[in-house]
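Some notes on the structure that comes next.
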Amino acid sequence: ADAVLTAQVEGALQFLEGEAKSARILFAYEPVWAIGDKGIPASSDYADKQQALIKRVATALLLASPPVLYGGSVNPQNAAELIGQPNVDGLFIGRSAWQAEGYIDILRRALAAI
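In terms of the numbering used here, the sequence shown opens at residue 12 and continues consecutively.
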């Protein structure tokens, strides 16, 4: 999984040159097995490890360390634990934010955790 993720980040950034390398770039990471209503949420430790890998690879290719958001079955039950991880800079919320109540619940829990 690490080799695939490394190749994806390198592939996304390999053609950037000059000033483009210092542009505001933001990553959103979602493991393929966590996508959709049947997705399996990643543990917060796994998410943090993958976020750190993305930052490490991207920083080696860019002039700065880009923020990395985590997505992948983010919900009210796991939002606080995910946002509390040192390498998770934000949450990329999908299905759980379709209804305002779910989005607000996630925001409240995430704010309480930071």
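Ideal placement from N, C-alpha and C gives every residue a C-beta, glycine not left out.
Could you give the DSSP three-state label for residue i: helix, strand or coil?
i: residue 123; result: helix
i: residue 102; result: strand
i: residue 12; result: coil
i: residue 111; result: helix
i: residue 45; result: helix
i: residue 76; result: coil
i: residue 19; result: helix
i: residue 34; result: coil
i: residue 29; result: helix
Just reading off the alpha helix (DSSP H) that residue i is part of, what are its end residues?
i: residue 79; result: That residue, residue 79, is in no alpha helix (DSSP H); its beta strand (DSSP E) goes 79 to 82.
i: residue 69; result: 55 to 72
i: residue 91; result: 90 to 94
Going by beta-carbon coordinates alone, are residue i and residue j separated by less than 8 Å?
i: residue 121; j: residue 91; result: yes
i: residue 86; j: residue 59; result: no
i: residue 83; j: residue 50; result: yes
i: residue 77; j: residue 38; result: yes
i: residue 69; j: residue 20; result: yes
i: residue 88; j: residue 55; result: no
i: residue 106; j: residue 13; result: no
Since residue i and residue j are thought to touch, with beta carbons under 8 Å apart, how far apart are those beta carbons, to the nearest angstrom?
i: residue 24; j: residue 72; result: 5 Å
i: residue 102; j: residue 94; result: 6 Å
i: residue 53; j: residue 45; result: 6 Å
i: residue 117; j: residue 108; result: 7 Å
Which stretch, first to last residue, makes up the beta strand (DSSP E) that contains residue i?
i: residue 39; result: 38 to 40
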